[in-house]
Amino acid sequence: MSSFLNRITRHLASNNGLGVTSEGGGSASSIPANAQKATVAAGCFWGVEHIYRKHFKGKGLIDARVGYTGGDKKNANYAQVCGGGTGHAEALQVIFDPAQVSYRTLIEFFYRIHDPTTLNRQGADGGTQYRSAIFYHNNEQKEIAEDVTRMANEHWWAGKITTVRIQAAEWYDAEKYHQKYLDHNPGGYECPTHYVRTFSLPEGYPAVEAKQEPAAPAAPVALVAPDTEDTK
Numbered sequence: 001m002s003s004f005l006n007r008i009t010r011h012l013a014s015n016n017g018l019g020v021t022s023e024g025g026g027s028a029s030s031i032p033a034n035a036q037k038a039t040v041a042a043g044c045f046w047g048v049e050h051i052y053r054k055h056f057k058g059k060g061l062i063d064a065r066v067g068y069t070g071g072d073k074k075n076a077n078y079a080q081v082c083g084g085g086t087g088h089a090e091a092l093q094v095i096f097d098p099a100q101v102s103y104r105t106l107i108e109f110f111y112r113i114h115d116p117t118t119l120n121r122q123g124a125d126g127g128t129q130y131r132s133a134i135f136y137h138n139n140e141q142k143e144i145a146e147d148v149t150r151m152a153n154e155h156w157w158a159g160k161i162t163t164v165r166i167q168a169a170e171w172y173d174a175e176k177y178h179q180k181y182l183d184h185n186p187g188g189y190e191c192p193t194h195y196v197r198t199f200s201l202p203e204g205y206p207a208v209e210a211k212q213e214p215a216a217p218a219a220p221v222a223l224v225a226p227d228t229e230d231t232k
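As structure tokens, this is what we get:
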């Protein structure tokens with residue numbers, strides 16, 4: 001069975017009525033005024049969301065949502081994106097507090113938790129929808145993403161990184177049953193490339209002390225209720 005059909009079969013079999021459980025529980029007022037966005041794609045978004053939530057829980061992660069971005073079809077759905085015809089990537093968008101965790105740290109983590117050397121592929125999942133990508137939201141994020149990529153390419157991934165760095169495009173939240181999917185479905189499909197690698201940062205990196213991040217992102221953060229439900 002193909003990876004795509006396997007994923008479709010697993011999530012339909014493990015969800016009764018798609019809703020799974022109520023998300024959220026917080027309020028828009030609990031999002032700090034200086035909150036920023038980070039948007040990345042690293043293959044199947046279930047595993048990417050799960051590992052970011054687990055690692056940064058209580059460490060600056062305010063909310064994390066899976067969705068679709070980088071394509072040319074309005075309001076694409078999961079089946080369309082998985083079919084590879086919309087141009088979208090399965091992606092993760094993190095809302096974070098830069099007073100607790102830096103954008104640089106989030107992007108360094110991105111290069112630790114997937115294989116960025118396989119073009120348009122993670123594990124058995126193949127197609128542009130599974131591409132490795134960083135969608136930066138302003139010029140400072142672009143500079144940091146480029147700097148981290150240079151470091152990771154030279155010191156971690158033997159010069160083989162294929163990750164695309166591109167201006168953030170229109171974002172579409174994935175369907176409700178995809179949000180925190182692996183918390184609601186512990187036996188659900190998870191790409192085997194999604195685990196934390198024990199890379200060390202090279203001596204002297206970063207070469208220049210990172211500038212203080214701006215008080216607010218270039219693009220306003222949507223004031224949606226953060227997802228406060230405990231994760232595994």
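Once you know that position 45 of the sequence shown is 45 in UniProt numbering, the rest is easy, because the numbers rise by one and skip nothing.
A virtual CB, placed ideally from N, CA and C, is assigned to each residue, including glycine.
(1) Could you tell me which residues DSSP pairs with Gly126 in its beta bridges?
(2) Between which two residues does the alpha helix (DSSP H) containing Thr193 stretch?
(3) Excluding the 5 residues preceding and the 5 following Pro202 in the sequence, name in chain order all residues of the same chain whose CB lies nearer than 6 Å to its CB.
(4) Hey, how far is the Cα of Leu106 from the Cα of Ala38?
(5) Are the segment 126–139 and the segment 163–170 touching, with three or more C-beta to C-beta distances below 8 Å?
(6) Helix, strand or coil for Ser102 per DSSP?
(7) For residue 234, which option in Gln36, Gly43 and Gly204 has the closest C-alpha, if you only look at C-alpha atoms?
(8) Using 8 Å as the cut-off, can you tell me whether the segment 40–54 makes contact with the segment 170–188, which would need three or more C-beta pairs spanning the two stretches below that distance?
(9) I need the straight-line Cα distance from Thr198 to Met151, nearest angstrom please.
(10) Which residue's Cα is closest to the Cα of Ala158: Asp115, Gln141, Gln93 and Gly187?
(11) Thinking Val48 and Leu92 are a contact (beta carbons under 8 Å), I'd like their distance in whole angstroms, please.
(12) Please name the residue, chosen from Ala76, Ser30, Trp171 and Thr117, that lies closest to Asp63 on a Cα-to-Cα basis.
(13) Would you please verify whether the beta carbon of Lys54 is less than 8 Å from any beta carbon of chain B?
(14) What's the gap between the Cα of Asp125 and the Cα of Ala174?
(15) For Gly67, list the residues DSSP reports as bridge partners.
(16) According to DSSP, is Leu182 part of a helix, a strand, or is it coil?
(17) When you compare only the Cα positions, how much space is there between Asn75 and Tyr68?
So, to answer that:
(1) Arg121
(2) Unbroken run through Thr193: none, as it is neither H nor E.
(3) His155
(4) 8 Å
(5) yes
(6) coil
(7) No answer is possible for residue 234: it lies beyond the span of the chain, which begins at 1 and ends at 232.
(8) yes
(9) 15 Å
(10) Asp115
(11) 5 Å
(12) Ser30
(13) Included in the structure is just one protein chain, with no chain B present.
(14) 18 Å
(15) Ala91 and Asp173
(16) helix
(17) 9 Å
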